[in-house]
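A quick write-up on the structure given underneath.
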Amino acid sequence: MAAIATQCSSFVAAKSSFSGKNAQLRASKPKAATSRSVVAVAAEKQMWFPGAVNPSYLDGSLAGDYGYDPMGLGSDPVALKWYRQAELMHARWAMLGVAGILAQEFLVPDVFWYEAGLPENLPGFVNDDFNLGSIFGFEFLLMHYVEVRRWQDYKNPGSVNEDPIFKGNSVPNTEMGYPGGIFDPFGYAKGDLKSLQTKEIKNGRLAMIAFLGFTIQAQAVGTGPLASLSATPHFGKCVLPDSVVASGVTIPTPCLWP
Numbered sequence: 000m001a002a003i004a005t006q007c008s009s010f011v012a013a014k015s016s017f018s019g020k021n022a023q024l025r026a027s028k029p030k031a032a033t034s035r036s037v038v039a040v041a042a043e044k045q046m047w048f049p050g051a052v053n054p055s056y057l058d059g060s061l062a063g064d065y066g067y068d069p070m071g072l073g074s075d076p077v078a079l080k081w082y083r084q085a086e087l088m089h090a091r092w093a094m095l096g097v098a099g100i101l102a103q104e105f106l107v108p109d110v111f112w113y114e115a116g117l118p119e120n121l122p123g124f125v126n127d128d129f130n131l132g133s134i135f136g137f138e139f140l141l142m143h144y145v146e147v148r149r150w151q152d153y154k155n156p157g158s159v160n161e162d163p164i165f166k167g168n169s170v171p172n173t174e175m176g177y178p179g180g181i182f183d184p185f186g187y188a189k190g191d192l193k194s195l196q197t198k199e200i201k202n203g204r205l206a207m208i209a210f211l212g213f214t215i216q217a218q219a220v221g222t223g224p225l226a227s228l229s230a231t232p233h234f235g236k237c238v239l240p241d242s243v244v245a246s247g248v249t250i251p252t253p254c255l256w257p
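Take 0 as the starting number for the sequence shown in numbering that gives the first Met the number 0 and just add one per residue.
This is the structure:
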């Protein structure tokens, strides 16, 4: 009897020990799940390169943020805000420029876009009634005025929302660079604005690269982007001159092609 009692006690003890281990395993499972969820959240942000380390100041709040800042230019939050505006303006100008170059070559293939601004390629009334230097000066004043207004909005957001000439006309401008109002006739801002901002900046970055490619292509081949698809580049030299003279003004055209 004593032997049977001893065996029963050993069985109960072993079972209790086994149950305790199971309880410990069950208790540890939620921690593992929590650990996996933290990793999943951290991995949600897409990076510009697999395995790249995301700078702490690029927290994903900016549209098109993929953690790319190898020189650390955005570590200053004030500078980062201005860099975003500069990138946005360059992106929009590039999209307009690339679309214009392609449309012009498709519709008027006889005109080379790289030389389209020379006096001999402009309409007759421009050559007869306008001086190119005066046009440059006028454009400089207008662009300077616009940039000063943008700088004021950067320093004091919302301070230039109202039209300076036609008082009472204003734009919402809830976020700098996205004025809304008459600049958003289809009301896209009422939807997923962050998604639209990301699409715009991604297309703008592509357009900036495309415009640089168009320029190098024009210097290396001497034709527009569509015609260059079947042209042969001239390695080691540019087929276009280093400068042009327009209305007595010498305009340098440095060669970007190696």
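Here a beta-carbon is modelled for each residue, glycine too, at the ideal position from N, C-alpha and C. Please read these numbers as outputs of a predicted model, since none were measured by experiment.
Across which residues does DSSP place residue i in a beta bridge pair?
i: Glu161; result: Ser169
i: Pro251; result: Ser242
i: Tyr82; result: Looking at the DSSP assignment, Tyr82 forms no beta bridge with any residue, so it has no partner.
i: Glu174; result: Tyr177
Residue j and residue i - do their beta-carbons sit closer together than 8 Å?
i: Ala217; j: Tyr65; result: no
i: Met94; j: Asn168; result: no
i: Asp68; j: Pro54; result: yes
i: Leu61; j: Arg83; result: yes
i: Asn120; j: Val110; result: yes
i: Leu57; j: Gly71; result: no
i: Phe185; j: Val170; result: no
i: Leu239; j: Glu104; result: no
i: Val243; j: Thr231; result: no
By Cβ distance below 7 Å, which residues in the same chain neighbour residue i in space, the five residues on each side in sequence not counted?
i: Asn172; result: Gly157, Asn160, Pro178 and Gly179
i: Phe17; result: Residue confidence for Phe17 is low, a pLDDT of 45 falling below 50, so the modelled location carries little weight; the figure read from the coordinates is stated next. So the list is empty, once near-sequence residues are dropped.
i: Ser227; result: Gln216 and Val220
i: Met46; result: Asn53, Tyr65 and Gly66
i: Ile250; result: Ser242 and Val243
Return the residue from the list the options that minimises the CA-CA distance to residue i.
i: Phe210; options: Lys198, Leu117 and Gly223; result: Gly223
i: Ala98; options: Phe213, Gly116, Cys254 and Leu121; result: Phe213
i: Arg148; options: His89, Asp162 and Pro108; result: Asp162
i: Leu131; options: Gln45, His143 and Val248; result: Val248
i: Met88; options: Gly176, Val238 and Trp47; result: Gly176
i: Asp152; options: Lys80, Tyr56, Phe111 and Val220; result: Lys80
i: Asp241; options: Ser229, Cys254 and Ala230; result: Cys254
i: Gly259; options: Lys44, Pro76 and Glu138; result: Nothing can be reported for residue 259: it is not among the residues displayed for the chain, which extend from 0 to 257.
i: Glu86; options: Gln196, Ile250 and Cys237; result: Gln196
i: Glu174; options: Phe165, Lys166 and Asn155; result: Asn155
i: Phe135; options: Trp256, Gly116 and Met46; result: Gly116
i: Val77; options: Leu141, Trp150 and Met46; result: Trp150
Apart from the five residues on each side of it in sequence, which residues of its chain come closer than 6 Å, Cβ to Cβ, to residue i?
i: Val38; result: Any reading at Val38 needs caution, since the residue's pLDDT is 37, under 50, leaving its predicted position unreliable; the model's value is listed next. Answer for Val38: no residue qualifies.
i: Ala206; result: Ala93, Met94 and Val97
i: Ala12; result: Residue placement at Ala12 cannot be trusted, given a pLDDT of 46 that sits under 50; the coordinates are not used to answer.
i: Ala188; result: Gly179
i: Pro29; result: Only weak support exists for where Pro29 lies, its pLDDT of 46 falling under 50; the coordinates are left without a value.
i: Glu138; result: none
i: Trp256; result: Ile215, Gln218, Ala219 and Cys237
For residue i, which residues of its own chain have a beta-carbon under 8 Å away from its beta-carbon, when the five flanking residues on both sides are left out?
i: Lys193; result: Ala62
i: Ile200; result: Ala62, Gly63, Glu86, Leu87 and Ala90
Subject >> Continuous alpha helix (DSSP H) assignments of at least 4 residues falling wholly in the segment 38-75 >> reply: none
Original post:
Considering only residues of the segment 81-157, which uninterrupted alpha helix (DSSP H) runs meet the minimum length of 4 residues and lie entirely inside it, listed in chain order?
Top reply: 123-128 and 131-154
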